[in-house]
Amino acid sequence: MRSFHSARGVSARWPATALYRRSDALVAASGEIAARCRETGVAAERLFRVDGVTDVARFAEAGGGEKIREEFGLGSGPVLGCVARLASRRGHDALIRGFALLLPTYPDARLLLVGKGELRARLDALVHDMGLARQVLFTGYRDTDLPAVLDVLDVFVLLGAGSDESCRAALEAMAAARPVVARRVGALGEAVVHGATGLLLDDDRPESVAAALRALLEDPDRSRAMGEAGRRRALAAFTPERHAAQIEAVYRSALTRSLSPARGRG
Numbered sequence: 028m029r030s031f032h033s034a035r036g037v038s039a040r041w042p043a044t045a046l047y048r049r050s051d052a053l054v055a056a057s058g059e060i061a062a063r064c065r066e067t068g069v070a071a072e073r074l075f076r077v078d079g080v081t082d083v084a085r086f087a088e089a090g091g092g093e094k095i096r097e098e099f100g101l102g103s104g105p106v107l108g109c110v111a112r113l114a115s116r117r118g119h120d121a122l123i124r125g126f127a128l129l130l131p132t133y134p135d136a137r138l139l140l141v142g143k144g145e146l147r148a149r150l151d152a153l154v155h156d157m158g159l160a161r162q163v164l165f166t167g168y169r170d171t172d173l174p175a176v177l178d179v180l181d182v183f184v185l186l187g188a189g190s191d192e193s194c195r196a197a198l199e200a201m202a203a204a205r206p207v208v209a210r211r212v213g214a215l216g217e218a219v220v221h222g223a224t225g226l227l228l229d230d231d232r233p234e235s236v237a238a239a240l241r242a243l244l245e246d247p248d249r250s251r252a253m254g255e256a257g258r259r260r261a262l263a264a265f266t267p268e269r270h271a272a273q274i275e276a277v278y279r280s281a282l283t284r285s286l287s288p289a290r291g292r293g
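Written as structure tokens, this is what we have:
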């Protein structure tokens, strides 16, 4: 068995392709990855799509947002947030610049950047250079109170998938009934249903980010409906129970194939 969490990790060259064809099962974390595997010649019956997973119950009934609002002095204005490692390819620059474009209309808005990482100093400098130190707040890494952090948000934003492209943070936000603005990339672009559970962007230009955020802030009823739809989707598709059932199906198929006397390869 082999698992792929990134399309970049699928090689179209020998000997990798030979190893793929000799595997009893290959697991893809997104449709994009599965398509890449098929391009290398992997037989459909050996290829399995396994969706992301999160502790939906932990976030579905979460509260505590008022504590976060008090901790960071957020006031009564709209709160946007991103939970992601402060690293390259995560889209923090575009989010900060897009957020800045909202401020003439929403001067009391706040942006929470949740996480730690090697780009903290550079992003902090960008925020200060843009005069946004009061509006953009770095919370550091949060664990036990992450549900409360999500509870305080009006919109969740994730503009880049992590190294394993699991987009778990987006799934957590959906479980918490928060509308999601995300890039249309990999599993992230498949987890969020455009127009139903959030808005997907084809680019990360600050203007595009600002337009999506503005659309949700201007229509609270639509935003709330998207959040509730996201929670329903998380409960239906991304629970540990469903994930376990998908993995079990993969192992059953692989075991059946490995024990078959006619174990053809192709």
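Residues in the sequence shown are numbered consecutively from 28, following this note's numbering. Ideal placement from N, C-alpha and C gives every residue a C-beta, glycine not left out.
For residue i, does the count of other Cβ atoms within 10 angstroms reach 16, so buried, or fall short, so exposed?
{"i": "ARG205", "result": "buried"}
{"i": "THR132", "result": "exposed"}
{"i": "SER287", "result": "exposed"}
{"i": "ARG161", "result": "exposed"}
{"i": "SER103", "result": "exposed"}
Note down the Cα distance separating residue i from residue j, rounded to an integer number of angstroms.
{"i": "ARG124", "j": "VAL163", "result": "11 angstroms"}
{"i": "PHE31", "j": "ASP135", "result": "43 angstroms"}
{"i": "PHE126", "j": "SER285", "result": "53 angstroms"}
{"i": "THR165", "j": "VAL208", "result": "The amino acid occupying residue 165 in the given sequence is Phe; Thr does not appear at that position. When rounded, the distance between both Cα atoms is 19 angstroms."}
{"i": "PRO247", "j": "GLU255", "result": "12 angstroms"}
{"i": "THR283", "j": "ARG269", "result": "21 angstroms"}
Reducing DSSP to helix, strand and coil, say where residue i ends up.
{"i": "CYS194", "result": "coil"}
{"i": "ARG232", "result": "coil"}
{"i": "ALA263", "result": "helix"}
{"i": "GLY100", "result": "coil"}
{"i": "ARG292", "result": "For ARG292, the predicted model reports a pLDDT of 47, less than 50, meaning its position is unreliable; a value from the coordinates is still stated below. Residue state, collapsed to three classes: coil."}
{"i": "THR67", "result": "coil"}
{"i": "GLY254", "result": "helix"}
{"i": "GLY58", "result": "helix"}
{"i": "THR166", "result": "strand"}
{"i": "GLY216", "result": "helix"}
Based on DSSP bridge pairs, tell me the residues matched to residue i.
{"i": "LEU226", "result": "VAL208"}
{"i": "HIS32", "result": "Paired residue(s): none; HIS32 is not in a bridge."}
{"i": "PHE295", "result": "Because residue 295 is not part of the residues shown, which for the chain are 28 to 293, the question remains open."}
{"i": "VAL80", "result": "Beta-bridge pairing links VAL80 to no other residue."}
Here's a check: name, in chain order, each residue in its chain whose Cβ is nearer than 7 angstroms to the Cβ of residue i, leaving out the five neighbours to either side.
{"i": "VAL69", "result": "TYR47, ARG48, LEU53"}
{"i": "ARG169", "result": "VAL141, VAL176"}
Quick one: residues in its chain with C-beta nearer than 8 angstroms to the C-beta of residue i, no 5 flanking neighbours on either side, listed in chain order?
{"i": "SER38", "result": "THR44, THR67"}
{"i": "ASP178", "result": "ALA89, GLY90, GLY91, GLY92, ILE95, ALA203"}
Looking only at its chain, what residues have a beta carbon closer than 6 angstroms to the beta carbon of residue i, apart from the 5 residues adjacent to it on each side?
{"i": "GLY257", "result": "MET201, THR224"}
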